[in-house]
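Numbering (our numbering), first residue to last: 20 to 184.
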């Protein structure tokens with residue numbers, strides 16, 4: 020599913036330190052049928068009955084945790100899938116096990132930790148069950164170094180898939 024790579028590259032074209040971004044995935048042929056003016060722009064994609072067009076949504080509510088935002092997100096039946104792109108800081112598993120519960124202390128440790136990695140994750144899930152994840156490390160910001168797979172970030176993919184039920 021190249022769509023996950025395309026969406027990640029689209030968000031990445033604006034550089035790092037981007038807010039989380041969500042996309043509805045519409046069947047391109049249905050979109051062109053509803054909006055004939057799009058036919059010229061999406062001509063090649065409209066011919067493929069499996070082609071999906073990402074439609075970026077309004078900014079996510081950053082005042083609430085992402086899991087709460089996703090738990091209250093639903094899509095109409097016409098939406099064939101959803102995509103989410105977000106950036107996070109990750110630490111090695113052995114470091115994560117010893118992190119404090121205090122949020123202020125945690126932020127200070129993570130911000131200064133020498134083994135921290137900035138990552139951008141793109142997750143695409145389809146209503147029919149397909150999924151694909153892309154993970155890019157800021158320290159290896161090349162297309163050849165991107166990790167791709169259905170279960171690269173499984174909990175995030177599961178949470179996004181739940182928005183389609």
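Ideal placement from N, C-alpha and C gives every residue a C-beta, glycine not left out.
Closest by CA to residue i, which one among the options?
i	options	result
residue 70	49, 86 and 76	49
residue 173	156, 144 and 155	144
residue 96	146, 56 and 82	146
residue 179	94, 107, 128 and 32	94
residue 76	124, 92 and 28	92
residue 30	182, 136, 128 and 153	153
residue 36	157, 150 and 61	157
residue 150	34, 129, 61 and 177	177
Tell me the residue span of the beta strand (DSSP E) that contains residue i.
i	result
residue 168	166 to 168
residue 75	71 to 75
residue 137	136 to 145
residue 39	Residue 39 -> no beta strand (DSSP E), and no H or E assigned at all.
residue 83	Counting along the chain, residue 83 falls outside any beta strand (DSSP E), and DSSP gives it neither H nor E.
residue 56	Element bounds for residue 56: n/a, residue is neither H nor E.
residue 107	100 to 109
Return the first residue and the last residue of the alpha helix (DSSP H) that residue i is part of.
i	result
residue 47	47 to 53
residue 122	122 to 131
residue 149	From DSSP, residue 149 is part of no alpha helix (DSSP H); its letter is neither H nor E.
residue 175	173 to 181
Only counting the same chain, and skipping five residues up and downstream in sequence, which positions put a Cβ closer than 6 Å to that of residue i?
i	result
residue 72	45, 47 and 50
residue 155	139 and 165
residue 175	142
At the level of alpha carbons, what is the spacing between residue i and residue j?
i	j	result
residue 171	residue 148	16 Å
residue 166	residue 25	14 Å
residue 59	residue 74	17 Å
residue 131	residue 159	19 Å
residue 78	residue 85	12 Å
residue 27	residue 162	10 Å
residue 22	residue 82	29 Å
residue 184	residue 98	11 Å
residue 121	residue 68	50 Å
Taking 7 Å as the limit between beta carbons, can you name the residues of its chain near residue i, skipping five residues before and five after?
i	result
residue 134	110, 111 and 114
residue 57	50 and 51
residue 125	118 and 119
Can you list, in chain order, the residues of its chain with a C-beta nearer than 8 Å to that of residue i? Leave out the 5 residues immediately preceding and following it.
i	result
residue 52	none
residue 14	Residue 14 falls outside the range modelled here, since the chain spans only 20 to 184, and no answer is possible.
residue 181	89 and 90
Just checking residue i against the ligand ADP - is the residue's beta carbon closer than 7 Å to any of the ligand's heavy atoms?
i	result
residue 76	The ligand ADP is absent from the structure shown, which contains no ligands of any kind.
Three or more C-beta pairs below 8 Å linking the segment 40 to 57 and the segment 93 to 111: yes
State whether the segment 115 to 122 contacts the segment 136 to 143, with contact taken as three or more CB pairs (one from each stretch) at a distance under 8 Å. no
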